[in-house]
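Have a look at the structure below, then the notes.
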Amino acid sequence: MLVLVVNAGSSSLKCQLIETDGKICLMKSLAERVGTEEATMSVSFSPDFSKQRFSMTNLTVAQCLAKLLDILVAEPDSPIRGLKDIEAIGNRIVAGGEYFSSSVIIDQNNIGDLKKCEELAPLHNPAADECILMMHEMLPHTPQVAVFDTAFHATMPPKAYMYPIPMRYYKDYHIRRYGAHGTSHRYAAQQAANLLDRPLSDLGLITCHLGNGASITAVNHGKSIDTSMGFTPLAGVMMGTRSGTIDPAIVSYIMRRDNVDYDEMDRILNKESGMLGIAGFSSDMRDILQAASDGDENAQLAVEMYIYRIQKKIGSYYAVMTRTDAVVMTAGIGENSAELRERIFAGLAHMGMILDKEKNQVIGDIGINRVVSIDDSPIKICVVTTDEEMRIARETDALVFVATMANPDFAKDYWPQESAND
Ligand code: ADP
């Protein structure tokens, strides 16, 4: 099945065309700085993925998506000749709130709930919803699926997802921990189970998604029982530009002292903090590691803080799991930085997570998952490559396949045009 995966952010749009039967990516696109004069979109096609750049000046995220479809139909290297070649659309949705505990085919019955989730991720969900409506206008009979970042964490028990603040905030505003990166944690846990040749349902895993955004999840018998991100993806460990969890009183203190308003405070914690806030010159881990080894003291401190917070989070999940069989490292930093893996696990050997320094140095080919702990390490350490787009495409394929089996004509009128604008 040819699936268009749409990942809409507040000012970015990432898309892939994936042929799910062969698990092959045929097209990748990335639009950045969307909504500004400088907005551009790179588009590349298999097999060589050499990028072409297109101007996206002053378009919304949904308009960029519409323009991408025009490009796909017009470009000679494109795998599609007409829009009808796209058989399904898989949308990444950051927040599914308490409405969605698994992926769904978007239809007239759930589009209203999807809209209600917008306030939970005001930077991301509205852009995704606009893309869904835009695609519905352009391709009204192409099924669309919503895959939620939060869904994997729907199994967390109340003691993990509730915050110790007055109950009315949960009841009135649904303030609770939802987590994020769920697609990646679920995928990483399954990949680790395959690697260890054990059923996921038998295992206790701590999955660490360490990219620009970072989160750590306790996966007990295949279910998320706790995760480091919270009501929003700002919580948890230190990230590229996000602070992670800090004393909440700091927020009101800075706002009062510097006369900072809510939006500005939000921006400081989301865009100016984390590794960038401490290192001062970059949020990119490669730059910071380089500067640290060149003697930059702020970069050294940022790396030490980053490692320390990850060690503490892994340790705290070890404490609440009924068993821990493996720690799983994934995403840009988790997959690629042998140095950080070595430094993180140097502090965790006493818990039985013993890294094999030589195996850890071996750079895996992309897509090759591996165990990097010593053979008799009581708790294994795995490195797995994450592929959120492939996972979204496959979930989309699976849901559409089942719906088509039940009713081969379901896509013809599964979501009447008029209900899209309700
Ligand atoms: P995103 O969250 O945007 O998907 P990624 O998962 O691609 O991000 O991770 C990006 C981060 O991974 C960046 O900080 C980058 O510097 C870091 N990274 C990638 N390769 C390496 C490497 N070899 N060593 C250290 N950090 C790396």
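In terms of full-length UniProt numbering, the sequence shown has 369 at position 369, counting the first letter as 1, and numbering is strictly consecutive.
Heads up, the beta-carbon is just placed ideally off N, CA and C, and yes, glycines get one too.
Fair warning: this is a prediction, and the values are worked out from it, not measured in the lab.
How big is the Cα-Cα spacing for ASP413 and LYS84? Reading the sequence shown from its first residue, position 413 is the one you call residue 413. Reading the sequence shown from its first residue, position 84 is the one you call residue 84. Those two C-alpha atoms are separated by around 15 angstroms.
Are the segment 367-376 and the segment 118-136 touching by the rule of at least three beta carbon pairs closer than 8 angstroms? The answer is no - the segment 118-136 does not touch the segment 367-376, with fewer than three Cβ pairs under 8 angstroms.
The beta strand (DSSP E) with PHE45 in it runs from where to where? Taking the first residue of the sequence shown as 1, we reach residue 45 at position 45. It spans 40-45 - the beta strand (DSSP E) in which PHE45 sits, taken as one unbroken run.
Measuring from the CB of ILE310, is there a heavy atom of the ligand FMN at a distance below 7 angstroms? For the structure depicted, the ligand FMN is absent and the ligand set comprises only the ligand ADP.
Cβ atoms of ILE379 and PRO327: under 8 angstroms apart, would you say? Residue numbering aside, residue 327 sits at position 327 when the sequence shown is read from its first letter. Residue numbering aside, residue 379 sits at position 379 when the sequence shown is read from its first letter. A small correction: the amino acid at residue 327 is Val; Pro does not occupy that position in the sequence shown. Result yes, Cβ atoms of VAL327 and ILE379 sit closer than 8 angstroms.
Nearest neighbour of GLY182, chosen from TYR163, LEU210 and ASP197 [CA to CA]: In the sequence shown, residue 182 corresponds to position 182, counting from 1. Answer by Cα proximity: LEU210.
Please report how far the alpha carbon of ARG256 lies from the alpha carbon of ASP247, in whole angstroms. In the sequence shown, residue 256 corresponds to position 256, counting from 1. In the sequence shown, residue 247 corresponds to position 247, counting from 1. Taking the straight line from one Cα to the other gives about 15 angstroms.
Starting from the C-beta of ARG343, find all residues in its chain whose C-beta is less than 6 angstroms away, skip the five residues before and the five after it, and write them out in chain order. As a position in the sequence shown, residue 343 is number 343, starting the count at 1. Within the same chain, ILE307 come within 6 angstroms of ARG343 by CB-CB distance, once the 5 residues on both sides are set aside.
Measure the alpha-carbon distance for LEU114 versus ILE288 and round it to whole angstroms. Counting from one through the sequence shown, the residue named residue 114 turns up at place 114. Counting from one through the sequence shown, the residue named residue 288 turns up at place 288. Between LEU114 and ILE288, the C-alpha separation is close to 39 angstroms.
What residue does the alpha helix (DSSP H) around MET405 start on, and which one ends it? Taking the first residue of the sequence shown as 1, we reach residue 405 at position 405. According to the DSSP assignment, MET405 belongs to the alpha helix (DSSP H) that extends over 388-406.
What separation, rounded to the nearest whole angstrom, lies between the Cα atoms of LEU4 and ALA31? As a first step, residue 4 is located in the sequence shown; it is residue number 4 there, counting from the start. As a first step, residue 31 is located in the sequence shown; it is residue number 31 there, counting from the start. ALA31 has its alpha-carbon roughly 15 angstroms from the corresponding atom of LEU4.
Is ILE333 near the ligand ADP, judged by its Cβ being under 7 angstroms from some heavy atom? If you number the sequence shown from 1, residue 333 lands on position 333. ILE333 Cβ: within cutoff of the ligand ADP.
In chain order, what residues of the same chain have a beta carbon less than 7 angstroms from the beta carbon of ARG309, not counting five sequence neighbours either side? Position 309 of the sequence shown holds residue 309. Excluding residues within five positions, the ones whose Cβ falls inside 7 angstroms are VAL237, MET238 and GLY244.
Using 8 angstroms for Cβ pairs, my map puts GLY240 next to MET275. What's the rounded Cβ distance? Translated into the one-based positions of the sequence shown, residue 240 becomes position 240. Translated into the one-based positions of the sequence shown, residue 275 becomes position 275. That belief holds up - the Cβ atoms of GLY240 and MET275 are roughly 5 angstroms apart, short of 8 angstroms.
In chain order, what residues of the same chain lie with their CB nearer than 8 angstroms to the CB of residue 454, ignoring the 5 residues before and after it? Since the first and last residues shown for the chain are 1 and 422, residue 454 lies out of range.
Excluding sequence positions up to five away, which residues of its chain have a Cβ less than 7 angstroms from the Cβ of THR20? The residue you call residue 20 lines up with position 20 of the sequence shown. Closer than 7 angstroms at Cβ, skipping near neighbours: MET1, VAL3, ALA393, ARG394 and ASP397.
Separation of ARG286 from MET138, as counted between CA atoms: Along the sequence shown, one-based indexing puts residue 138 at 138. Along the sequence shown, one-based indexing puts residue 286 at 286. Between MET138 and ARG286, the C-alpha separation is close to 41 angstroms.
Mind checking whether the beta-carbon of LEU289 lies closer than 7 angstroms to any heavy atom of the ligand ADP? If you number the sequence shown from 1, residue 289 lands on position 289. Distance from the C-beta of LEU289 to the nearest heavy atom of the ligand ADP is below 7 angstroms.
Do you know whose CA, among GLY280, ILE363, ILE314 and ASN110, lies nearest ALA299's CA? For the purposes of this step, residue 299 is taken as the residue at position 299 of the sequence shown. The shortest C-alpha separation from ALA299 is found at GLY280.
How many Å lie between ALA346 and GLU304 at the Cα? On the sequence shown, position 346 is the one that residue 346 refers to. On the sequence shown, position 304 is the one that residue 304 refers to. So the alpha carbons of these two residues sit roughly 13 angstroms apart.
Could you check what DSSP says for GLN63 in three-state terms: helix, strand or coil? Here residue 63 is taken as the residue at index 63 of the sequence shown, counted from 1. Looking at GLN63 - three-state DSSP - the assignment turns out to be helix.
Strictly by DSSP, which residues pair up with LYS223? Numbered from its first residue, the sequence shown carries residue 223 at position 223. Looking at the DSSP assignment, LYS223 forms a beta bridge with ASN220.
Do the CB positions of residue 430 and ALA188 come within less than 8 angstroms of each other? Look at the range of the chain in this structure, 1 to 422, and you will see that residue 430 is not part of it.
First and last residue of the uninterrupted beta strand (DSSP E) at ALA326: The residue given as residue 326 occupies position 326 in the sequence shown. Taken as a continuous stretch (DSSP letters only), the beta strand (DSSP E) holding ALA326 covers 326-330.
Once the 5 residues before and after ARG53 are set aside, which same chain residues still bring their CB inside 6 angstroms of it? Here residue 53 refers to the residue found at position 53 when the sequence shown is read from its first residue. So the qualifying residues of the chain are THR40 and SER42.
Check the DSSP bridge columns for ILE379 and list the partner residues they point to. Residue numbering aside, residue 379 sits at position 379 when the sequence shown is read from its first letter. Per DSSP, MET353.
Please report the straight-line C-alpha distance between GLU98 and GLY230, rounded to a whole angstrom. Working through the sequence shown from its first residue, we reach residue 98 at position 98. Working through the sequence shown from its first residue, we reach residue 230 at position 230. Spanning the alpha carbons of GLU98 and GLY230 requires a straight line of approximately 13 angstroms.
Smallest Cα separation from THR227: which of SER273, CYS64 and ARG186? To locate residue 227, count along the sequence shown from 1; it is residue 227. Of the candidates SER273, CYS64 and ARG186, the residue whose Cα lies closest to the Cα of THR227 is ARG186.
When DSSP builds the beta bridges, which residues end up paired with ASN91? Mapped onto the sequence shown, residue 91 falls at position 91. In the DSSP output, where bridge partners are listed per residue, ASN91 has VAL6 and ALA146.
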